[in-house]
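Visitor:
Numbering (full-length UniProt numbering), first residue to last: 1 to 104.
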């Protein structure tokens, strides 16, 4: 499964203190069984001193193959351990799909 591939690659690249990869494809206008939309919560001290854009670009680089082969969207929530502790382990909910319900 693609979710497991994503998780394994991110664990290897970032050695996270916390990682959650959620398949949110069911919330989008895609055929049943699609694995195309994912939410990633990644907490790693490798992000210390990095801007969010840099963090996201590094994730896109690690997941380049998946993004070229069917993964349409990643909702990325990237934090250092200190930032994560300040959030009290809460992550913003993903917004609803703008095209939901239009697939015939």
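For glycine and all other residues, C-beta sits at the position ideal for the given N, C-alpha and C. As the structure is a prediction and not an experimental result, all values here were calculated from the model.
Apply the 10 Å Cβ neighbour rule to residue 14 and answer buried if 16 or more other Cβ atoms are within range, or exposed otherwise.
Guide: Counting from 1 along the chain shown, the entry for residue 14 is found at position 14. Counting Cβ neighbours within 10 Å, residue 14 comes out buried, since at least 16 surround it.
Visitor: Which parts of the segment 45 to 79 are runs of the beta strand (DSSP E), unbroken and 3 residues or longer, counting only runs that do not cross its ends?
Guide: 73 to 79
Visitor: By alpha-carbon positions, which one of 48, 25, 35, 37 ends up nearest to residue 16?
Guide: On the chain shown, residue 16 is found 16 positions in, with the first residue counted as 1. Ranking 48, 25, 35, 37 by Cα distance to residue 16 puts 48 first.
Visitor: Are the CB atoms of residue 24 and residue 38 within a distance shorter than 8 angstroms?
Guide: Working through the chain shown from its first residue, we reach residue 38 at position 38. Working through the chain shown from its first residue, we reach residue 24 at position 24. Between residue 38 and residue 24, the CB-CB gap stays under 8 angstroms.
Visitor: Please name the residue, chosen from 46, 60, 76, 71, that lies closest to residue 82 on a Cα-to-Cα basis.
Guide: For the purposes of this step, residue 82 is taken as the residue at position 82 of the chain shown. Here the closest residue by C-alpha is 46.
Visitor: Which same chain residues, not among the five before or five after residue 55, have their C-beta less than 6 angstroms away from its C-beta?
Guide: Against the chain shown, residue 55 aligns to sequence position 55. So the list reads 47, 78, once near-sequence residues are dropped.
Visitor: Given this structure, state the Cα-to-Cα distance separating residue 65 from residue 43, to the nearest angstrom.
Guide: Position 65 of the chain shown, counting from 1, holds the residue named residue 65. Position 43 of the chain shown, counting from 1, holds the residue named residue 43. Each residue's alpha carbon lies about 22 angstroms from the other.
Visitor: Tell me whether residue 53 is buried or exposed, calling it buried when 16 or more other Cβ atoms sit within 10 Å of its Cβ.
Guide: Residue mapping note: residue 53 aligns to position 53 of the chain shown, counting from 1. Exposed is the call here.
Visitor: On the premise that residue 18 lies in contact with residue 41, defined as a C-beta separation below 8 angstroms, what is that separation, rounded to the nearest angstrom?
Guide: For the purposes of this step, residue 41 is identified with residue 41 of the chain shown, where counting begins at 1. For the purposes of this step, residue 18 is identified with residue 18 of the chain shown, where counting begins at 1. 7 angstroms between Cβ atoms; contact.
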